[in-house]
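Heads up: the structure comes next, in structure tokens.
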């Protein structure tokens, strides 16, 4: 039985842009810079997945960040995280790394394999102006610590952040209040999730195909969901085969966004300062 009265519809479908980052790692940039205002507080979503080591073996050598949070979610493969604060962590299938860059951090993510599949996602979540220069922080969430529940319908949900069907996620963040679910749906099965009408929301299908209020969303497509003051949530239904889909939503900050590569602040002057701090070696001190 449906618990929603006004599920959100699809506003538009988005095909990601093939690109590379780090030392030549091939990936698909799904949430790009032109969508940052529309999907505030989310700044970027990258999807990566390859069976060819040449696509990922260079990894992401040491690089800086300031002013936002990075969320890395692994589906397959192993990568090692190290940073300027002294954190070391292993990213393995099903694990989550939630890093708050705050005033500044320098980190690396390097593969711990020379063959096999490497796949996952990295999401950037903005920080409010009042939090951009907070102390950097890091949380490594192993697979067993990511809550999972299965509904009678057979729908299975990993709750990375936020709350779903009474299950609290591995991470809860104030201000932006992100919801981050990885949902597996058997063929023909629907899943419903309440989402505040004030939040921006989107889905990304990474297996099979789904339908959202009459709109088909194929694999490797993002669907931006309509903002509607009357909307009370999202209904996603798998089509004729099992489907896997990320559902992500959050409270917009409604603040100016100034970005220069790995720095995201509110003004160009703050960006100039971030670059100066990095060049002078004080970004992460």
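In this note's numbering, the protein residues as written are 71 to 355. Cβ coordinates follow ideal geometry from the N, Cα and C atoms, glycine included.
Cβ shell of residue i (< 7 angstroms), same chain only, five flanking positions each side left out
| i | result |
| --- | --- |
| residue 174 | 134, 136, 206, 347, 353 and 354 |
| residue 164 | 144, 213 and 216 |
| residue 288 | 275 and 279 |
| residue 243 | 231 |
| residue 85 | 291 |
| residue 220 | 226 |
Between the CA atoms of residue j and residue i - distance to the nearest angstrom
| i | j | result |
| --- | --- | --- |
| residue 261 | residue 340 | 42 angstroms |
| residue 77 | residue 318 | 15 angstroms |
| residue 250 | residue 349 | 34 angstroms |
| residue 96 | residue 222 | 38 angstroms |
| residue 87 | residue 293 | 15 angstroms |
| residue 297 | residue 271 | 8 angstroms |
| residue 218 | residue 89 | 32 angstroms |
| residue 263 | residue 351 | 45 angstroms |
| residue 198 | residue 325 | 8 angstroms |
| residue 127 | residue 183 | 8 angstroms |
| residue 201 | residue 172 | 7 angstroms |
| residue 110 | residue 327 | 9 angstroms |
| residue 73 | residue 79 | 16 angstroms |
| residue 267 | residue 185 | 44 angstroms |
| residue 303 | residue 285 | 16 angstroms |
| residue 253 | residue 132 | 32 angstroms |
| residue 94 | residue 192 | 16 angstroms |
| residue 122 | residue 146 | 13 angstroms |
| residue 81 | residue 155 | 41 angstroms |
| residue 105 | residue 332 | 17 angstroms |
| residue 118 | residue 282 | 24 angstroms |
| residue 295 | residue 108 | 10 angstroms |
| residue 103 | residue 204 | 24 angstroms |
| residue 235 | residue 211 | 21 angstroms |
| residue 239 | residue 196 | 19 angstroms |
8 angstroms Cβ cutoff, residue i in contact with chain C
| i | result |
| --- | --- |
| residue 323 | The structure shown contains no chain C, having only a single protein chain. |
Sequence-distant residues of the same chain with beta carbon closer than 6 angstroms to residue i, five excluded per side
| i | result |
| --- | --- |
| residue 114 | 101 and 194 |
| residue 225 | 255, 259 and 261 |
| residue 83 | 291 and 293 |
| residue 149 | 161, 179 and 181 |
| residue 245 | 198 |
| residue 301 | 76, 78 and 267 |
| residue 169 | 140 and 208 |
| residue 265 | 271, 303, 304 and 319 |
Contacting residues, own chain, Cβ-Cβ under 8 angstroms from residue i (five flanking each side not counted)
| i | result |
| --- | --- |
| residue 91 | 97, 116 and 130 |
| residue 330 | 341, 344 and 345 |
| residue 269 | 247, 249, 319, 320, 321 and 322 |
| residue 312 | 254, 255, 256, 257, 277 and 278 |
| residue 314 | 252, 253, 254, 255, 275, 276, 277 and 278 |
| residue 273 | 280, 282, 287, 292, 293, 295, 304, 306, 315, 316, 317 and 318 |
| residue 299 | 267 |
Presumed contact (8 angstroms Cβ cut-off) between residue i and residue j, rounded CB distance
| i | j | result |
| --- | --- | --- |
| residue 237 | residue 209 | That belief does not hold up - the Cβ atoms of residue 237 and residue 209 are roughly 18 angstroms apart, past 8 angstroms. |
| residue 152 | residue 158 | 5 angstroms |
| residue 320 | residue 112 | 6 angstroms |
| residue 120 | residue 188 | 6 angstroms |
| residue 190 | residue 142 | 7 angstroms |
Quiz prompt | beta strand (DSSP E) runs contained entirely in the region 228–300, provided each spans 3 or more residues | solution = Listed in chain order, they are 249–255, 260–264, 270–277, 280–282, 285–287 and 291–295.
Practice problem: Evaluate the contact criterion for the region 328–343 versus the region 299–314: three or more CB pairs, one atom per stretch, below 8 angstroms. | Solution: With contact defined as three or more Cβ pairs closer than 8 angstroms, the region 328–343 and the region 299–314 are not in contact.
Self-check item: Inside the region 79–136 only - beta strand (DSSP E) runs reaching at least 3 residues
Solution: List check, beta strand (DSSP E) in window: 80–85, 87–91, 95–101, 112–120 and 130–135.
Practice problem: Inspect the CB distances between the region 174–186 and the region 229–248 and report whether three or more fall short of 8 angstroms. | Solution: Result no; under three Cβ-Cβ pairs closer than 8 angstroms.
Quiz item: Fully enclosed by the region 185–213, which beta strand (DSSP E) runs are 3 residues long or longer?
Solution: Taking only runs of at least 3 residues, the beta strand (DSSP E) segments lying wholly in the region 185–213 are 188–196 and 207–211.
Quiz item: Can you list the alpha helix (DSSP H) stretches of 4 or more residues lying completely in the region 140–184, in chain order?
Solution: The qualifying runs do not exist here; there are none.
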